[in-house]
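Numbered by UniProt numbering, the letters in the sequence shown go through residues 1 to 296 in order.
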Amino acid sequence: MTLALDRTRTRRLALPSVLLSRIGVNAALALAAVYTLMPLLWLVMSATKDIDDLFGTNGFAPGRRFELAANLKRLFAASDGIYLRWLVNTVVYAVVGAAVAAFLCVLAGYAFDKLAVPYKEKLFGFVLLGVLVPATATALPLYLVAAEIGLVNTFWGAFLPGLVFPFGVYLGRVFSAASVPGEVLEAVRVDGAGEWRAFWSVAFPMLRPGFVTIFLFQLTHIWNSFFLPLVMLSDQRLFPVNLGLYTWNSTAFSQGHPEDYLLAITGSLIAVVPLVITFVVLQRHWKAGMTAGALK
Numbered sequence: 001m002t003l004a005l006d007r008t009r010t011r012r013l014a015l016p017s018v019l020l021s022r023i024g025v026n027a028a029l030a031l032a033a034v035y036t037l038m039p040l041l042w043l044v045m046s047a048t049k050d051i052d053d054l055f056g057t058n059g060f061a062p063g064r065r066f067e068l069a070a071n072l073k074r075l076f077a078a079s080d081g082i083y084l085r086w087l088v089n090t091v092v093y094a095v096v097g098a099a100v101a102a103f104l105c106v107l108a109g110y111a112f113d114k115l116a117v118p119y120k121e122k123l124f125g126f127v128l129l130g131v132l133v134p135a136t137a138t139a140l141p142l143y144l145v146a147a148e149i150g151l152v153n154t155f156w157g158a159f160l161p162g163l164v165f166p167f168g169v170y171l172g173r174v175f176s177a178a179s180v181p182g183e184v185l186e187a188v189r190v191d192g193a194g195e196w197r198a199f200w201s202v203a204f205p206m207l208r209p210g211f212v213t214i215f216l217f218q219l220t221h222i223w224n225s226f227f228l229p230l231v232m233l234s235d236q237r238l239f240p241v242n243l244g245l246y247t248w249n250s251t252a253f254s255q256g257h258p259e260d261y262l263l264a265i266t267g268s269l270i271a272v273v274p275l276v277i278t279f280v281v282l283q284r285h286w287k288a289g290m291t292a293g294a295l296k
């Protein structure tokens, strides 16, 4: 009888703590959602305003005349359509660069995991050291190297650094260990397939969720990259969209062109759209890739 009463008291005491923990978690998630969505809401509302409304109305209210269409027209017509050039440059830098980087990372991770490479653990240690170095710390050395070989202010000077992704190599090894059974590779090799055929025909389809995961990581990194293009490029025709919007934002204040500030706001809204579409389209592969990594 006493034992039953103790259990009842324990359950009554545990119930409020469970409710409080759920309330706390939900409150934290709600705050995180508000913190994430408020800048985007401000961006959407600001893109619907003209100059007078932008500085004279509430930041989270739409424009009184809803100037979104007019702002988009001005954005794409500014400087002979330079924004479209910046957007195309960013797509090439980010999408093509992230795809190539993701493939190289998956290939390297597979090699570190499945192949008998001499000193591979020591080499992998150097890769992990690369993870610890922030990208901003390598921008100036990359600029000096590019200056020596004549790649400053060229497409390749901004494109090639995006192909190096040490954290992606680490993820590639994790996904290879979790998704590619060694017995399957042995069976393929017994059947006479070479290492490249075994990777391309057998291992790579199993690693596709990992490839998409690494691709999305690197796509976001290159798309948001700013400091490296800033020191590497001076020709506006080669600018990514981030650097182009920065120049508009700078001229809005330094040269007294407030219309450039509105162009920068509208351009920032358009620049977010491709990333959102990419994550929505690849969401299924993204979830599968994250689950595979978690299992490892």
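Backbone N, C-alpha and C fix where the C-beta goes; we use that ideal spot for every residue, glycine too. All values derive from a computational prediction rather than experimental measurement.
- For Phe226, the closest of Leu84, Gly56, Ala94, Asp53 by C-alpha to C-alpha distance is Ala94.
- Less than 8 Å separates the beta-carbon of Val188 from that of Ala198.
- Judged by beta-carbon spacing, Ile214 lies within the 8 Å limit of Ala102, meaning their Cβ atoms are closer than that value.
- The beta-carbon separation of Leu142 and Leu228, rounded to 7 Å, stays under the 8 Å limit for a contact.
- The Cβ-Cβ distance between Gln218 and Phe165 falls below 8 Å.
- In this structure Gly210 does not touch Val100 by the C-beta definition: roughly 16 Å separates them, more than the 8 Å allowed.
- By the Cβ criterion, the segment 250-270 is in contact with the segment 35-55, since at least three pairs of Cβ atoms, one from each stretch, lie closer than 8 Å.
- With the rule of 3 Cβ pairs closer than 8 Å, the segment 236-256 counts as touching the segment 75-89.
- Between Arg65 and Asp50, the C-beta spacing is below 8 Å.
- In the DSSP assignment, Val280 falls within the unbroken alpha helix (DSSP H) covering 258-281.
- Assignment of Asp191 by DSSP, reduced to helix, strand and coil, places it in the coil class.
- For Gln218, the enclosing alpha helix (DSSP H) starts and ends at 208-223.
- The distance from the Cβ of Ala98 to that of Gly172 is about 14 Å, inconsistent with a contact at the 8 Å cut-off.
- Nearest to Trp248 by alpha-carbon distance, out of Leu282, Glu148, Met38, Ala78, is Ala78.
- Approximately 19 Å separates the beta-carbon atoms of Val174 and Leu282; this is outside 8 Å, ruling out the contact.
- In the structure shown, Val131 falls within a helical segment according to DSSP collapsed to helix, strand and coil.
- For the options Glu195, Ala158, Glu121, Ser201, the alpha carbon positioned closest to that of Val231 is the one of Ala158.
- In this structure Val184 does not touch Val169 by the C-beta definition: roughly 22 Å separates them, more than the 8 Å allowed.
- Under the rule that a run must span 4 or more residues, the alpha helix (DSSP H) segments found entirely inside the segment 80-149 read 82-91, 97-114, 120-132, 135-149.
- In the DSSP assignment, Ser179 falls within the unbroken alpha helix (DSSP H) covering 166-179.
- If you look at Phe227, you'll find it in the alpha helix (DSSP H) that goes 227-232.
- About 6 Å separates the CB atoms of Asn71 and Leu262; that is less than 8 Å, so the two are in contact.
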